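K.L.:
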Amino acid sequence: MVKTKRIGLDARPLSTRVSGVGRLIAETLKAFPHKEEYDFFLFSHLPIHEDHKAVLSLSNITWVNGGGFLKWKGGLYYNLYIPFYLLKHRLDLFWGSQQVLPPFLPSSLKAVLTYCDLVLYLYPETMRWIAKVQQRLFQRYSVRRSSFILSISKQTSTDMCLKFGYPVDQTGVSYPGVNPIEMTKQLETKISNRVKDLGTDFLLSVSTIEPRKNYPFLLEVFREYRKTEPHHYRPWVIVGKIGWESPEFIEELLQERSLYKDIHILDSVSDSELQHLYKRAGLFAFASKYEGFGIPMAEAIFHGLNCVVSDIPTFHEIGKDGVTYLPYKTKEDAKLWAETIKKYFENPKPLTVSISEFTWENAAKITEEVFRKVLEE
């Protein structure tokens, strides 16, 4: 009989709608090789969200209940309840999926950290204050406590090692990815009326509307694009919830939508709706100031969608020489984006980028190899 390895996991992102980290956790668990050798214990202060319920059907998954009054706040639950739980229950390894570990972990317990980005240090003004406080309290400790750190891009790994002086030979890269089989299957479903009503060949952006995603710049781009061809321009579809962007900008965006009727904001889209939107779009625009990776860009490329994106190192890892990278700060930059978008719609070209390395099977394989290596040491 195989002796299973018991892995604890910060599963709080699975208690909310699909997000970047939540998708990373769920897809990695579903694609994890040698499932019979690993038992995962998922810790969260809230019940699992409907979007992630498929995870509970896996035979090697246990959703840990408990926490009592600490459940009212995720940070308290994570930092106080989990160490208490580990006093009574033996685990072999803890996986910090959100680049922080609980304090007071048993000294004998190995830990692997997934490092997503350095937003805390590079763009702290784009974070919610509670997240900023929690990260500042525990991030440095978490890096030093980790036996191995998996980053979601080479640039993130390099930046993290430089920031903390962490040994490069104890790091690796596990790119997030796409699920080709599942995404193709979603396209077989019936198109919803709200997606069908948008038509085709629209400009598409996919992400939460929050400061780091640079939507004020994209709005200026769209205004400039509208001016270039006032009678024949394409509408702009934004897929993503309104996050913690400034209320003033949200009001400006909503007023623009109401005035011109050419901006469509879709919140709470299903997986199948999202895949149909990628397939029906004409061009993908992503102007982030900084990203640890960029799953929407990888998904757009999978669907053969040309991309105009901000000129940041991580996007070059994904798109290589096959997408258009542009500066993303000034009024003149916005005009350049607008002209580029106009030219793409006038003369569309086939995409020549491969994203074969960006699959969840590959991410899960790398993660399992790291777990095995750390545990054998």
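Numbering-wise, UniProt numbering puts 58 at position 58 of the sequence shown, and it's gapless, one number per residue. Just so it is clear, CB atoms sit at the ideal spot from N, CA and C, and this is done for glycine as well. Note that the structure is predicted; figures quoted are calculated from it, not measured.
Identify every residue that forms a DSSP beta bridge with residue 4.
P.N.:
Beta-bridge pairing links residue 4 to no other residue.
K.L.:
Between the Cα of residue 238 and the Cα atoms of 191, 118, 262, which residue gives the shortest distance?
P.N.:
Cα-wise, what sits closest to residue 238 is 262.
K.L.:
Distance check for residue 105 and residue 90, CA to CA, integer angstroms please.
P.N.:
Roughly 11 angstroms separates the two Cα atoms.
K.L.:
Sorted by chain position, which residues of the same chain lie with C-beta nearer than 6 angstroms to residue 138's C-beta, five sequence neighbours on each side aside?
P.N.:
Within the same chain, residue 138 has close Cβ partners 100.
K.L.:
Might you give, ordered along the chain, the residues of its own chain that have their beta carbon closer than 6 angstroms to the beta carbon of residue 224, omitting 5 neighbours on each side?
P.N.:
The residues are 334, 335, 338.
K.L.:
Run the CB neighbour count on residue 69, radius 10 Å, all protein chains shown included, and call it buried at 16 or more, exposed below.
P.N.:
Residue 69 is exposed by the Cβ-count criterion.
K.L.:
On the CB-based measure, 16 or more other CB atoms within 10 Å of its CB, does residue 311 come out buried or exposed?
P.N.:
Looking at its Cβ environment, which holds fewer than 16 other Cβ atoms inside 10 Å, residue 311 is exposed.
K.L.:
Apart from the five residues just before and just after residue 74, which ones in its own chain have a Cβ nearer than 6 angstroms to its Cβ?
P.N.:
Answer for residue 74: 12, 45, listed in chain order.
K.L.:
Just verifying my parser: in three-state terms, what is the DSSP assignment at residue 310?
P.N.:
Looking at residue 310 - three-state DSSP - the assignment turns out to be strand.
K.L.:
Go ahead and pull the three-state DSSP assignment for residue 231.
P.N.:
Correct three-state label for residue 231: coil.
K.L.:
Taking all protein chains shown into account, decide if residue 204 is buried (16 or more other Cβ within 10 angstroms of its Cβ) or exposed.
P.N.:
The residue is buried, with at least 16 neighbouring Cβ atoms inside 10 Å.
K.L.:
So residue 95 packs on residue 8, CB below 8 angstroms; how close in whole Å?
P.N.:
Their Cβ separation, rounded to whole angstroms, is 7 angstroms, which keeps residue 95 and residue 8 in contact under 8 angstroms.
K.L.:
Throw me the rounded Cβ distance for the residue 276 and residue 219 pair, which I believe falls under 8 angstroms.
P.N.:
Going by Cβ atoms, the distance from residue 276 to residue 219 rounds to 25 angstroms, so no, they are not a contact pair.
K.L.:
Below 8 angstroms on the Cβ atoms is my contact criterion, and I expect residue 385 with residue 211 to pass it. Report the Cβ-Cβ distance as a whole number of Å.
P.N.:
Here the chain covers residues 1 to 377 and nothing more, so residue 385 does not appear.
K.L.:
Where does the unbroken alpha helix (DSSP H) through residue 38 begin, and where does it stop?
P.N.:
It is not in any alpha helix (DSSP H) - residue 38 instead sits in the beta strand (DSSP E) that spans 38–43.
K.L.:
Would you mind reading off the limits of the beta strand (DSSP E) that contains residue 49?
P.N.:
From DSSP, residue 49 is part of no beta strand (DSSP E); its letter is neither H nor E.
K.L.:
According to DSSP, is residue 315 part of a helix, a strand, or is it coil?
P.N.:
Three-state result, residue 315: helix.
K.L.:
Run through the DSSP bridge pairs and tell me what residue 151 is partnered with.
P.N.:
For residue 151, which the question treats as bridged, DSSP gives the partners 115, 173.
K.L.:
Does the distance from the CB of residue 62 to the CB of residue 40 come in under 8 angstroms?
P.N.:
Closer than 8 angstroms, so yes.
K.L.:
Buried or exposed: which applies to residue 221, given that a residue is buried once 16 or more other Cβ atoms fall within 10 Å of its Cβ?
P.N.:
Answer is buried; the Cβ neighbour count reaches 16.
K.L.:
Tell me which same chain residues have a C-beta within less than 6 angstroms of the C-beta of residue 189, skipping the five on either side of it?
P.N.:
Correct list, in chain order: 272.
K.L.:
Since residue 295 contacts residue 353 with CB under 8 angstroms, what's their CB separation in whole angstroms?
P.N.:
Not confirmed; about 15 angstroms, so no contact.
K.L.:
Quick check on this structure: which residue in 181, 135, 6, 270 has the alpha carbon closest to the alpha carbon of residue 50?
P.N.:
When each option's Cα is compared against that of residue 50, the closest is 270.
K.L.:
Under three-state DSSP, which class holds residue 100?
P.N.:
In the structure shown, residue 100 sits in coil (DSSP, three-state: anything other than H, G, I, E or B).
K.L.:
State the DSSP-derived secondary structure class of residue 225, mapped to helix, strand or coil.
P.N.:
The answer is helix: DSSP assigns residue 225 an H, G or I state.
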